[in-house]
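Visitor: Top line first, the protein sequences correspond to chains D and H.
Going by the working numbering, the final residue of the first sequence carries number 98, and the count climbs one at a time with no gaps.
Going by the working numbering, the final residue of the second sequence carries number 190, and the count climbs one at a time with no gaps.
From the three backbone atoms N, C-alpha and C, an ideal C-beta is built for every residue, glycine too.
Before we start, here is the structure in question, set down as structure tokens.
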Amino acid sequence: MRRDLRTFALLFIGLLMAGCATTPVQPWERGRLARWDMRWDSDPMQAAAFEHAHFSKEGTSGEIGAAGGGCGCN
Amino acid sequence: MYKLMRANVVVAAIVLTLSATIAAAVEPGSPAPGFDAPTFDNKPIRLVDYRGKVVFVDFWASWCSPCRQSLPLYDKLSGEFPTSDFAVVAINVDENAADAKKFLAEHPVKYTIVQNPKGDIPKAFGIDGMPSSYLIDRDGTIRDRHVGFEPKDIDALRGEIAKLIGAPAHAS
Numbered sequence: 025m026r027r028d029l030r031t032f033a034l035l036f037i038g039l040l041m042a043g044c045a046t047t048p049v050q051p052w053e054r055g056r057l058a059r060w061d062m063r064w065d066s067d068p069m070q071a072a073a074f075e076h077a078h079f080s081k082e083g084t085s086g087e088i089g090a091a092g093g094g095c096g097c098n
Numbered sequence: 019m020y021k022l023m024r025a026n027v028v029v030a031a032i033v034l035t036l037s038a039t040i041a042a043a044v045e046p047g048s049p050a051p052g053f054d055a056p057t058f059d060n061k062p063i064r065l066v067d068y069r070g071k072v073v074f075v076d077f078w079a080s081w082c083s084p085c086r087q088s089l090p091l092y093d094k095l096s097g098e099f100p101t102s103d104f105a106v107v108a109i110n111v112d113e114n115a116a117d118a119k120k121f122l123a124e125h126p127v128k129y130t131i132v133q134n135p136k137g138d139i140p141k142a143f144g145i146d147g148m149p150s151s152y153l154i155d156r157d158g159t160i161r162d163r164h165v166g167f168e169p170k171d172i173d174a175l176r177g178e179i180a181k182l183i184g185a186p187a188h189a190s
């Protein structure tokens, strides 16, 4: 009984690990990922403006590239 | 003993599962993997038919931004050498042929382009980036492999081709 349980547990872990081994997206399969609607930002210019305002106001050093002291002058 | 064997089997299974996902790139010095693929006009093209010529194989896609620069430059390069000595065969990996045709309407080229939406040719070459290109000598051996593209790469490539065909390029 105990041995069965152990075998089952091993099989289960093995299957779980196999589930993690997904086939990575190959370089020639990135067409969909390269689509405009797959971007993180819907509008790159607006995103850049938001980022600039964010690091200027928050002064979060290192959060988005370089940061100033929060004076809003950079 | 039984326990040890079982552990080995589990470890081997994990290693096999993980390694199955990694494809090795074909390196210079190895024979080029042969292919047989249709052009956009459904004309079959086989790499073996180019034996005796220096062949430049370029993997591209409509969504690959460096390809906007590389295709026109490769087109110009293909005209700089005699067709009896040199050929460019480009392999399009777009899933949707319409995307490639639209791209070609904007960036027309004269050299041969085959379509491979399934991606078995780039898989056989083991390409690890887009765009990727291979320079194959007259005997079908890969002489040079290049990943990515910058316009300055063209000069080195021109020199390599001239060396392989044994004749200098003539300016077009």
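#1: Counting only beta-carbon atoms, is D/Gly55 nearer than 7 Å to chain H?
#2: So, are the CB atoms of H/Met148 and D/Pro51 less than 7 Å apart?
#3: Would you mind working out which of H/Cys85, H/Val72 and H/Pro62 sits nearest H/Pro169, comparing C-alpha positions?
#4: What residues of chain H sit near D/Ala73, judged by a beta carbon separation below 9 Å?
#5: May I have the straight-line CA-CA distance separating H/Ala38 from H/Gly97, to the nearest angstrom?
#6: Once DSSP output is grouped into helix, strand and coil, what is the label at D/Leu39?
#7: Can you list, in chain order, the residues of the region 100-121 of chain H whose Cβ is nearer than 7 Å to any Cβ on chain D?
#8: Using only the alpha-carbon positions, how far apart do H/Ala180 and D/Met69 sit?
#9: Starting from H/Gln133, trace the beta strand (DSSP E) both ways and give me its first and last residue.
#10: Distance, Cα to Cα, D/Gly55 vs D/Phe79?
#11: What three-state label does DSSP hand H/Arg69 in the structure shown?
#12: For H/Ile145, which residues in chain D fall below 9 Å Cβ to Cβ?
#13: Can you give, in chain order, each stretch of the alpha helix (DSSP H) that sits fully within the region 77-102 of chain H and has at least 4 residues?
#14: DSSP three-state call for D/Phe79: helix, strand or coil?
#15: Answer yes or no: does any C-beta atom of chain D fall closer than 7 Å to that of H/Pro140?
#16: If you draw a straight line from the alpha carbon of H/Pro56 to that of H/Val75, how long is it in whole angstroms?
#17: Of the residues that make up the region 64-82 of chain H, which ones have a beta carbon closer than 7 Å to any beta carbon in chain D?
#18: Helix, strand or coil: how does DSSP classify H/Phe143 here?
#19: Would you call the region 113-130 of chain H in contact with the region 42-55 of chain H, where contact means no fewer than 3 C-beta pairs closer than 8 Å?
#20: Rounding to the nearest angstrom, what Cα-Cα distance links D/Glu53 and H/Leu175 in this structure?
#21: Could you check where the alpha helix (DSSP H) with H/Pro182 kicks off and where it finishes?
#22: Against chain D, with Cβ distances strictly below 7 Å, would H/Ser190 count as a contact?
#23: Check D/Pro68 in the structure and name its three-state DSSP category.
Guide: Let's see:
#1: yes
#2: yes
#3: H/Cys85
#4: Here the premise fails: no neighbours, minimum Cβ distance about 23 Å.
#5: In this prediction, H/Ala38 has a pLDDT of 49, which is less than 50 and means its spatial position is unreliable; what the coordinates show is noted afterwards. The straight-line gap from Cα to Cα measures roughly 41 Å.
#6: helix
#7: Val111, Asp112 and Glu113
#8: 45 Å
#9: Thr130 to Gln133
#10: 33 Å
#11: coil
#12: Gln50, Pro51 and Trp52
#13: 85-96
#14: helix
#15: yes
#16: 15 Å
#17: Phe77, Ala79 and Trp81
#18: helix
#19: no
#20: 26 Å
#21: Contrary to the premise, residue 182 of chain H reads as Leu rather than Pro in this sequence. First-last of the alpha helix (DSSP H) with H/Leu182: Asp171 to Ile183.
#22: Interpretation of H/Ser190 is limited by its pLDDT of 46, a score under 50 that renders its predicted location unreliable; the figure taken from the coordinates is listed afterwards. H/Ser190 does not count as touching chain D.
#23: helix
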